[in-house]
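Read through the structure below, which is laid out as structure tokens, and then see the notes.
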Amino acid sequence: MAGRIDARLKELGIELPAAAAPVANYVPYVVSGNMVHVAGQITMLEGKPQHLGIVGADISVEEGNTAARLCARNLIAQVKAACGGDLDRVVRVVKLNGFVASAPGFTQQPAVINGASDLMVDVFGDAGRHARAAVGVMGLPLGVSVEVDGIFEIS
Amino acid sequence: MAGRIDARLKELGIELPAAAAPVANYVPYVVSGNMVHVAGQITMLEGKPQHLGIVGADISVEEGNTAARLCARNLIAQVKAACGGDLDRVVRVVKLNGFVASAPGFTQQPAVINGASDLMVDVFGDAGRHARAAVGVMGLPLGVSVEVDGIFEIS
Amino acid sequence: MAGRIDARLKELGIELPAAAAPVANYVPYVVSGNMVHVAGQITMLEGKPQHLGIVGADISVEEGNTAARLCARNLIAQVKAACGGDLDRVVRVVKLNGFVASAPGFTQQPAVINGASDLMVDVFGDAGRHARAAVGVMGLPLGVSVEVDGIFEIS
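These protein sequence lines map, in sequence, to chains A, B and C. Residue numbering for the first sequence follows this note's numbering, starting at 18 and increasing by one per position. Residue numbering for the second sequence follows this note's numbering, starting at 18 and increasing by one per position. Residue numbering for the third sequence follows this note's numbering, starting at 18 and increasing by one per position.
What follows is the structure in structure tokens.
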């Protein structure tokens, strides 16, 4: 069935953005063999960073979770571009690294990054289950609360 | 010789835990081709997180090193599961990323993560020598002091 | 043309250091298949760490950028060793992870890590364009301001 994942995105009410273009000497993804390495995606929505601040101080775990889901949406947009538009070529979400801008003493990084993990499984089903690291960092580009990068296997 | 690495573990007095089960929409490892990507492992021992706190404030470099060794033990348990129980299939420990919950001004992350690096070489010999990154972060899941993830090549 | 990248380095006035030797049970790089995983490189110059401190507090964005460029130089030195001295074997810079020791509220990690990204493109041209993550951390080994690790595809 062609467009299986596109249909699933529609069902979930998720509209992918145009994959953000590079703004420097790095690119949003590199395909090497059958692996796609996607650059760290932040909480961009229609060209503007969302969910700014430090989780556990400025913003809640719940909002952090929403931020992570938005990062994951942007990852999927990049993977779609890497696949020439055909997300059915995704064999497996291999690894996600989730970085959470964290207040001192904040230790619920997993609950935040679940926002990204859950979207991957919502969209790709079992192929969306991935290895993951979640850590709390001092700060992130543009002051966003969450950044997630990833490795995807494609056919 | 079958069970070479199991014998080495016994010699070292290291008993691997049952590989921890996933608690969310991510999994402890993904095998892609001949590479195993293992999720970030923390200092779990018999189901409880150990060595909580911030290195350089709450706990010492020495305890951090012990914490990293425990993370490495848990990584090996996951790799064993990924290999269907046969650790002799490990060709090479390729990369470890070590995250140390660090006090402001703490800069001995390498001495901490050596606890993980040393265990890999203790167990796998030269095949245990790996590329590595060690960084100091703001905080980690459940308040543990160290998290380590890794990439392993298997046959 | 043999020595194409060496010639480019000369043109840029960049002299690569001898690849730093391992100081522990980890190694500066691991070659697995056609991928080179390079350990986190810091701001070593002639055996001494440079650009110490926290970006946004002790040192400026501009100095951080210079620090990142130095890390990238050291990455290239390791890749050269991994290639048996022949940098023309580099097919693609696949991924860089940039860690910036950051003051609270500092959010210009991309401007810092551009120092590494720019050097990759200066040296390797389009093959130097890579996926990237840039995050702000609490602290780094030896008190350096920047650490960068990377994955390279070689032939």
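Backbone N, C-alpha and C define an ideal beta-carbon position, used for all residues, glycine too.
Checklist entry - Ala84 of chain B to Leu69 of chain B, Cα distance in whole Å? => result Taking the second sequence and counting its residues from 1, the one referred to as residue 84 of chain B is at position 67. Taking the second sequence and counting its residues from 1, the one referred to as residue 69 of chain B is at position 52. Their backbone Cα atoms lie some 9 Å apart in a straight line.
Checklist entry - Whose C-beta lies closer than 6 Å to the C-beta of Ile71 of chain B among residues of the same chain, with five residues either side of it excluded? => result Working through the second sequence from its first residue, we reach residue 71 of chain B at position 54. Within the same chain, Ile71 of chain B has close Cβ partners Ala118 and Ala120.
Checklist entry - chain C beta carbons: is any one of them nearer than 7 Å to that of Glu63 of chain B? => result Mapped onto the second sequence, residue 63 of chain B falls at position 46. Taking Cβ atoms only, chain C never reaches closer than 7 Å to Glu63 of chain B, which makes this a no.
Next on the checklist: Ala38 of chain A and Ala94 of chain A - do their beta-carbons sit closer together than 7 Å?
Outcome noted: Taking the first sequence and counting its residues from 1, one reaches residue 94 of chain A at position 77. Taking the first sequence and counting its residues from 1, one reaches residue 38 of chain A at position 21. It is not a contact, given that the beta carbons lie outside the stated cut-off.
Item to check | Near-chain F residues of the segment 145–156 of chain B (beta-carbon distance less than 8 Å), N- to C-terminal order | outcome: As a matter of chain content, chain F is missing from the structure shown, whose protein chains are A, B and C.
Checklist entry - By the 10 Å Cβ neighbour count, where 16 or more other Cβ atoms means buried, how is Leu29 of chain A classified, buried or exposed? => result Counting from 1 along the first sequence, the entry for residue 29 of chain A is found at position 12. Result: exposed.
Item to check | Span of the alpha helix (DSSP H) around Arg109 of chain B | outcome: Along the second sequence, read from residue 1 onward, the residue named residue 109 of chain B stands at position 92. Unbroken run through Arg109 of chain B is the beta strand (DSSP E), Val107 to Ala118; no alpha helix (DSSP H).
Checklist entry - List, in order along the chain, the chain C residues whose C-beta lies closer than 7 Å to that of Ala56 of chain A? => result Counting from 1 along the first sequence, the entry for residue 56 of chain A is found at position 39. Those are Ala148, Arg149 and Ala150, listed as they occur along chain C.
Next on the checklist: Using a 10 Å radius around the Cβ and a threshold of 16 neighbouring Cβ atoms, would you call Lys65 of chain C buried or exposed?
Outcome noted: Sequence index remark: in the third sequence, residue 65 of chain C carries index 48 (1-based). Label assigned to Lys65 of chain C: exposed.
Next on the checklist: Just to make sure I have the definition right: I need the residues of chain B whose C-beta is within less than 9 Å of the C-beta of Arg25 of chain A. Which are they?
Outcome noted: Counting from 1 along the first sequence, the entry for residue 25 of chain A is found at position 8. By Cβ distance, chain B contributes nothing, its closest Cβ being about 15 Å from Arg25 of chain A, past 9 Å.
Checklist entry - Per DSSP, what kind of secondary structure is Asn103 of chain C in: helix, strand or coil? => result The residue labelled residue 103 of chain C in the question sits at position 86 within the third sequence. It is worth fixing the name first, because residue 103 of chain C is Asp in this sequence and not Asn. Looking at Asp103 of chain C - three-state DSSP - the assignment turns out to be coil, as it is neither helix nor strand.
Item to check | the segment 42–49 of chain A in contact with the segment 128–137 of chain A per 3-pair CB rule at 8 Å | outcome: no
Checklist entry - Between which two residues does the beta strand (DSSP E) containing Ala148 of chain B stretch? => result Reading the second sequence from its first residue, position 131 is the one you call residue 148 of chain B. Here the beta strand (DSSP E) through Ala148 of chain B covers Ala148 to Val154.
Next on the checklist: With a threshold of 6 Å on Cβ separation, who are the neighbours of Gly160 of chain A within its own chain once the five nearest residues in sequence on each side are excluded?
Outcome noted: Numbered from 1 along the first sequence, position 143 holds the residue referred to as residue 160 of chain A. Result list for Gly160 of chain A: Leu69, in chain order.
Item to check | First and last residue of the uninterrupted beta strand (DSSP E) at Gly167 of chain A | outcome: On the first sequence, residue 167 of chain A is found 150 positions in, with the first residue counted as 1. Element bounds for Gly167 of chain A: Val163 to Ile171.
Checklist entry - Residues of chain C with a CB under 8 Å from the CB of Asn114 of chain A: which are they? => result Looking up residue 114 of chain A in the first sequence gives position 97. Simply Ala150.
Checklist entry - Using a beta-carbon distance below 7 Å, is Asp166 of chain C in contact with chain B? => result Here residue 166 of chain C refers to the residue found at position 149 when the third sequence is read from its first residue. True, the Cβ-Cβ gap to chain B drops below 7 Å.
Item to check | Ordered list of beta strand (DSSP E) runs contained in the segment 23–58 of chain A, each at least 3 residues | outcome: 46–49 and 52–58
Next on the checklist: Closer than 8 Å is the cut-off here; do at least three beta carbon pairs connect the segment 151–160 of chain B with the segment 101–116 of chain B?
Outcome noted: yes
Next on the checklist: Measuring only the C-alpha atoms, how far is Met169 of chain A from Ala24 of chain A?
Outcome noted: In the first sequence, the residue the question calls residue 169 of chain A occupies position 152. In the first sequence, the residue the question calls residue 24 of chain A occupies position 7. According to the sequence displayed, residue 169 of chain A carries Phe and not Met. Cα to Cα, the separation comes out at about 20 Å.
Checklist entry - By how many angstroms is the C-alpha of Gln58 of chain C removed from the C-alpha of Met137 of chain B? => result By one-based count along the second sequence, residue 137 of chain B stands at place 120. By one-based count along the third sequence, residue 58 of chain C stands at place 41. If I take the Cα positions, the gap works out to 21 Å.
Checklist entry - Arg146 of chain A to Val40 of chain C, Cα distance in whole Å? => result Indexing the first sequence from 1 puts residue 146 of chain A at position 129. Indexing the third sequence from 1 puts residue 40 of chain C at position 23. Near 37 Å, if we compare the C-alpha coordinates of Val40 of chain C and Arg146 of chain A.
Item to check | Rounded distance between the beta-carbons of Gly73 of chain A and Phe141 of chain A, thought under 8 Å | outcome: Taking the first residue of the first sequence as 1, we reach residue 141 of chain A at position 124. Taking the first residue of the first sequence as 1, we reach residue 73 of chain A at position 56. Contact flag wrong, Cβ pair sits at about 30 Å.
Item to check | Under 7 Å by beta carbon: chain B residues contacting Pro158 of chain C | outcome: Position 141 of the third sequence, counted from the start, is the residue given in the question as residue 158 of chain C. Chain B residues near Pro158 of chain C: Thr124, Gln126, Pro127 and Ala151.
Checklist entry - For Pro45 of chain A, which residues in chain C fall below 8 Å Cβ to Cβ? => result Residue mapping note: residue 45 of chain A aligns to position 28 of the first sequence, counting from 1. Ala148, listed in chain order.
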